[in-house]
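This report refers to the structure that appears directly beneath it.
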Amino acid sequence: MSDIEAQHHDRFGSLFAEHEPALRTFVRALLPAPSDAAEVTQAVAVMLWQKFAEFDAARDFRKWAFGVARYEVLAFLRDRGRDPHVFSVELVNTLAEEATAAGPRHEAQREALETCLKKLPEARRELVLAAYTKDIRIDQLAARRGQTPMSVYKALHRIRKALLECVGHTLVRESAP
Amino acid sequence: MNDHWHEQIQRHLNGQLGAEEAAAFVEALGRDAELRALYLDYMNLDAALGAMAETAAAVPGSVATLPAEAEGGSWPIWRWLAPVAAGAALVVLGFVFERRGPVPARADLGAATLSAQTAISRLPTPAPAPIPAWMSPTASLLGEAGAPR
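Here the protein sequences come in this chain order: A and B. Each residue of the first sequence is one higher than the one before, counting from 106 in this note's numbering. Each residue of the second sequence is one higher than the one before, counting from 1430 in this note's numbering.
Spelled out as structure tokens, the structure:
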């Protein structure tokens, strides 16, 4: 690899790593099914790398990446237009605009979440992280814990709601003079 | 925003909404900006928790393998019998002066590595340009050299 190629590679790596959490949220918001979101996020990463030579360094990488991601999501949805769980093109575009605008708020929320997660009782923290572990289904997790899937879902509902409220309160406190 | 929408968003995320409920939810999402803001906040939370769990899963003794907590769920009879059986086993062991080491509750790193390799193998090939391996969201599981910090 030449020096120029290495610099190109490093620059992309640095920008992608910086904006990857926001990109994940963006795609996840437009494709609620985690497996769909994971598939498209990976496709977006590949597309960004392939098109990076065309990227104007004076532009905002996040906006450019979101634009590519929106195109990939719409392409993905073309085949699934009649599924009531899937969003219309109009709704995808609205959510994409609002997710882009919410970027700074979401970044602050992610930072606050680390603190809020630490405040959770240990058993609840373990449960929520276990539920989000890759390739573990809720029914498997429930069986492992000797619980029904519904009781695990209910526990997760309460934990996520509590986390969101904690994040909100944290940000209000931080913004207070 | 009332509890109903918190629940609907989470059920939508879990794929628990039936066709009619899903259509009603998507319709409400289209006309209610406040609901969309809450929905996006949940998506952000969801994505962030996924990233945190991925990091945690790379650590031996992953939370995914740890036992249950009392979270108001079911409490089957074997959960009560287990401590009794354990106590009885200890008494028996005490009599025969035999000790055995505890079974460590560790994550199956072999399975985690296999999962990561499978995910990486799904990357489309051949690509017009070389793709850095760390672009895979599972690269951290492999300790890939050169991944940006």
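Positions of the beta carbon are idealized from the N, C-alpha and C atoms, including for glycine. Predicted model only: the values in this text are computed from it and were never measured.
Taking only beta-carbon positions, decide if residue i is within less than 8 Å of chain A.
| i | result |
| --- | --- |
| R1508/B | Low confidence applies to R1508/B: its pLDDT is 47, below 50, so where it sits in the model is not reliable, and the reading given next is rough at best. Output row for R1508/B: interface = yes. |
| Q1437/B | no |
| A1477/B | yes |
| R1465/B | yes |
| H1441/B | yes |
| A1457/B | no |
Look at the alpha carbon of residue i and the alpha carbon of residue j, and state the distance between them as a whole number of angstroms.
| i | j | result |
| --- | --- | --- |
| G199/A | A213/A | Per the sequence shown, the amino acid found at residue 199/A is Thr instead of Gly. Rounded to the nearest angstrom, the two C-alpha atoms are 22 Å apart. |
| R249/A | S107/A | 51 Å |
| A204/A | E195/A | 14 Å |
| E144/A | A201/A | 18 Å |
| E279/A | D1470/B | 18 Å |
| V173/A | L153/A | 7 Å |
| A267/A | H274/A | 10 Å |
| A206/A | H124/A | 14 Å |
| R263/A | R229/A | 10 Å |
| G1459/B | A122/A | 32 Å |
| A281/A | P126/A | 26 Å |
| F171/A | E227/A | 36 Å |
| D244/A | A1448/B | 22 Å |
| L1446/B | F192/A | 14 Å |
Return the Cβ separation of residue i and residue j in integer angstroms, given the expectation that the two are a contact with Cβ distance under 8 Å.
| i | j | result |
| --- | --- | --- |
| L1464/B | A1453/B | Between A1453/B and L1464/B the Cβ distance is about 12 Å, and since that is not below 8 Å, they are no contact. |
| L225/A | M1481/B | Not really, about 12 Å apart at Cβ, beyond 8 Å. |
| T238/A | A1476/B | Not a contact, Cβ separation roughly 15 Å. |
Which term fits residue i, buried or exposed, when burial requires 16 or more other beta carbons within 10 angstroms of its beta carbon?
| i | result |
| --- | --- |
| I1438/B | buried |
| E177/A | buried |
| H1433/B | exposed |
| M255/A | exposed |
| H211/A | buried |
| R183/A | exposed |
| G1479/B | buried |
| E219/A | exposed |
| A150/A | buried |
| W1504/B | Reliability fails at W1504/B, whose pLDDT of 41 lies under 50, so the model's placement of it is uncertain and the value that follows must be treated cautiously. Exposed: under 16 other Cβ atoms inside 10 Å. |
| A1462/B | exposed |
| P137/A | buried |
| T146/A | buried |
| R242/A | exposed |
| E231/A | buried |
| V233/A | buried |
Say whether chain B places a C-beta atom closer than 8 Å to the C-beta of residue i.
| i | result |
| --- | --- |
| R278/A | no |
| T220/A | no |
| T205/A | no |
| Y237/A | yes |
| H124/A | no |
| R183/A | no |
| Q214/A | yes |
| H274/A | no |
| K266/A | yes |
| R133/A | yes |
Chain A partners of residue i, CB-CB under 8 Å?
| i | result |
| --- | --- |
| I1431/B | Before going on, a small fix: residue 1431/B reads as Asn here, not Ile. Those within 8 Å of N1431/B in chain A number zero; the least Cβ separation is about 12 Å. |
Give the residues of chain B in contact with residue i, contact being defined as C-beta atoms less than 8 Å apart.
| i | result |
| --- | --- |
| H211/A | L1469, D1470 and N1473 |
| V197/A | Chain B residues near V197/A: none, gap ~11 Å exceeds 8 Å. |
List, in order along the chain, the chain A residues whose C-beta lies closer than 7 Å to that of residue i?
| i | result |
| --- | --- |
| A1486/B | T238 and K239 |
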